[in-house]
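Those letters in the sequence shown? Residues 1 to 303, per full-length UniProt numbering, in order. Reading through the structure tokens given below for one structure.
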Amino acid sequence: MRVHLVSDSLRYFLEVARTGSIAEASENLHIAASAISRHIARLEQSTGAQLFDRHPRGMVPTEAGRLLADHARRNLLEEDDLLERLRDLHRSGRSLIKVACTEGFAEDFLPVEIARFRDTHPAARVQLTVTDPAAATQAVVTGASDVALTFSLAPAAGIRIAYSCQEPIVALVPEGHPLLDLDAVSLADLRDHPLALMAGGSTLRELVDICCSAEGLHLEPALTSNSSAALIALARRTGMVTLTGLLSSRHLVQDGFRTVALTNPELHRRNLQVHTMAQRALPEPVGAFVDQVVAALGASGLG
């Protein structure tokens, strides 16, 4: 039987906030809708604040409701952390660390760091989810992940930034390509060469589009994909140029590629960041992993 340290009222409230529906929360929790309504009414009475705006299509948290939801998520995570630590006393510390990241981190950097971490924490389990930048950050905000490694163009709410530095975008050029005769190039210089480029939805593509718009530049990539691994594989086979972040390029320069700096200022605006939930006390294994990742990024020479 699962022990609950956080009140049922907060649990029911958080499920309604997540689903936007008392009926759906009732179905998910196997609790009568009338009981959930009573618990929410008690919370509103005890806090003296309206927690939801009631609409025909569902329940939308008010500003007070959003504040309480943030508090409830932290409490539930800290409850899970405590219960996990108590269970660890009887099973040799088999802690689960939930990591979200964008694809570039998953290609080399994080596998190396996870392997290093397991050398010193062999009982630790790691769940790695690869997703887009916004979803990685949101996973930390909601508690679905403990830590996110991602790229940011603007501040995000509900997170603590454990590490941040600017990561320039560079051209990844196959050996023997004529662009390697230049110390640096601009996006305009790439127009006459076959280009493999990330599709929309990535911070890299967003900055490229901003740069092209500002300069009145039109790029026609030979290939677009939402997978950086696919772009790199095709560039390797065809001799195309592609664009990537400086950190992601590090392991590729030993695999038939070289990097060429890009001179467009807009392509230096992206921040590489490590996110954890704001005001959350991280359990020891998660904190140790975050510290290791931050130290590795700090030693990388990026910032």
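Quick reminder that beta carbons are idealized off the backbone N, C-alpha and C, glycines included.
For residue i, three-class secondary structure by DSSP
i              : result
glutamine 273  : strand
threonine 19   : helix
leucine 128    : strand
histidine 55   : strand
isoleucine 159 : strand
alanine 229    : helix
residue 304    : Because the chain here runs from 1 to 303, residue 304 falls outside it and cannot be looked at.
isoleucine 31  : coil
aspartate 223  : A quick correction: the sequence has leucine, not aspartate, at residue 223. Strand at leucine 223.
residue 350    : Shown here, the chain extends from 1 to 303; a query on residue 350 therefore has no answer.
aspartate 184  : Reading off the sequence, residue 184 comes out as alanine, not aspartate. Reduced to three states, the DSSP call for alanine 184 is strand.
Top-ranked residue by Cα proximity to residue i, from the options
i                 : options                           : result
leucine 77        : Pro61, His55, Val185 and Val147   : Val147
glycine 201       : Phe13, Pro133 and Ile40           : Pro133
alanine 296       : Ala188, Val185, Val112 and Leu180 : Val112
glutamine 279     : Gln292, Ala64, Ile159 and Leu207  : Ile159
phenylalanine 117 : Ser300, Val294, Leu231 and Leu302 : Val294
leucine 204       : Pro174, Asp181 and Ser248         : Ser248
asparagine 75     : Ala41, Leu10, Asn28 and Ala124    : Leu10
leucine 223       : Leu207, His251 and His193         : His193
glutamate 266     : Ala281, Cys211, Gln273 and Leu246 : Cys211
valine 286        : Gly143, Ala229 and Met198         : Gly143
lysine 98         : Asp81, Leu43 and Asp189           : Asp81
histidine 30      : Leu43, Ala162, Ala41 and Val16    : Val16
Buried or exposed by the 16-neighbour rule on C-beta atoms within 10 Å, applied to residue i
i              : result
alanine 136    : buried
glycine 176    : exposed
glutamate 284  : exposed
valine 3       : Below a pLDDT of 50, predicted positions are generally treated as unreliable, and valine 3, at 48, falls in that range; no measurement from the model is reported.
aspartate 255  : exposed
threonine 102  : buried
arginine 270   : buried
isoleucine 232 : buried
glycine 65     : buried
glutamine 166  : exposed
glutamate 107  : buried
aspartate 8    : exposed
histidine 55   : exposed
threonine 244  : buried
threonine 276  : buried
valine 185     : buried
Limits of the unbroken beta strand (DSSP E) element including residue i
i              : result
isoleucine 210 : Here isoleucine 210 belongs to no beta strand (DSSP E); instead the alpha helix (DSSP H) covers 203-215.
glycine 298    : Per DSSP, glycine 298 belongs to no beta strand (DSSP E); it is in the alpha helix (DSSP H), 284-298.
valine 170     : 169-174
glutamate 245  : In the sequence as presented, glutamate is not what sits at residue 245; that position holds glycine. Element bounds for glycine 245: 241-245.
leucine 197    : 195-198
alanine 100    : 96-101
threonine 150  : 147-152
Residue interval of the alpha helix (DSSP H) (run including residue i)
i             : result
arginine 258  : Note, arginine 258: premise wrong, no alpha helix (DSSP H); beta strand (DSSP E) at 257-262.
threonine 120 : 109-120
Residue-chain proximity (residue i, chain C), Cβ-Cβ < 8 Å
i           : result
proline 122 : Looking at the structure shown, chain C is missing, and only one protein chain is on hand.
With a threshold of 8 Å, are at least 3 pairs of Cβ atoms found where one atom belongs to the region 149-156 and the other to the region 230-240?
no
Does the region 243-262 touch the region 114-129, meaning 3 or more C-beta pairs lie closer than 8 Å?
no
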